[in-house]
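S.K.: Before anything else, here's the structure in question.
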Amino acid sequence: MAIRFYEKKGLLPKARRAANGYRYYHADVLKQLSLINNAKKAGFSLAEVRELIDLSQAKEKTASAVKKQLAEKITEVKEKITALMAVERSLTHLNATCSGQMPASVCPIIQKLSSNKKAEDG
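The sequence shown: position 119 = 122 (the working numbering), numbered continuously.
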């Protein structure tokens, strides 16, 4: 289960054990678990989630530190989008080289992917 994984990674505090062996968590843990899950859905790595948790618990830190981390993530996402758009252009160009009417053994897509040149070099 994810909760135990996050405990092992130090993202959540260890649960208190009852006599019956059940784990009991403080209500704040649910809020922290939401932070972890939502941050992961937003693309943050576990290391970055750890930083967010540390920031959320540091009384001497201001929200500007959180905004800075988010700005860094936005920059990273934009760089990934740019790279993915380049891949899309390359694949679109590659796709246009084949009519789909010939045997696969002579397909230009296979030929270009099998060559030492980049696919978009033609």
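We put the beta carbon where it would ideally sit given N, CA and C, even for glycine.
Just so you know, these numbers come straight off a predicted model, no measurement behind them.
#1: In the DSSP assignment, find the unbroken alpha helix (DSSP H) run with M78 in it and report its ends.
#2: Buried or exposed for A61, going by 16 or more other Cβ atoms inside 10 Å?
#3: Rounded to whole angstroms, what is the Cα-Cα separation between I113 and Q104?
#4: Can you tell me the Cα-Cα spacing of F47 and P106, whole angstroms?
#5: Output the distance between the C-alpha atoms of E51 and L15, rounded to the nearest integer angstrom.
#6: Does the Cβ-Cβ distance between A18 and Y28 come in under 7 Å?
#7: Is L73 closer than 7 Å to K2 when the C-beta atoms are compared?
#8: Taking the alpha carbon of K12 as the reference point, which residue from K71, S117, L94, I39 has its own alpha carbon closest?
M.R.: Checking against the coordinates, here is how it stands:
#1: Going by the sequence as given, residue 78 is Thr instead of Met. Its alpha helix (DSSP H) spans residues 66-99.
#2: Result: exposed.
#3: Counting only the Cα atoms, Q104 lies some 14 Å from I113.
#4: Using only the alpha carbons, I get a separation of about 44 Å.
#5: Take the alpha-carbon of E51 and the one of L15: they are about 14 Å apart.
#6: A contact, by the Cβ cut-off of 7 Å.
#7: With the chain represented from 4 up to 125, any question about residue 2 goes unanswered, as that position is not in the structure.
#8: When each option's Cα is compared against that of K12, the closest is I39.
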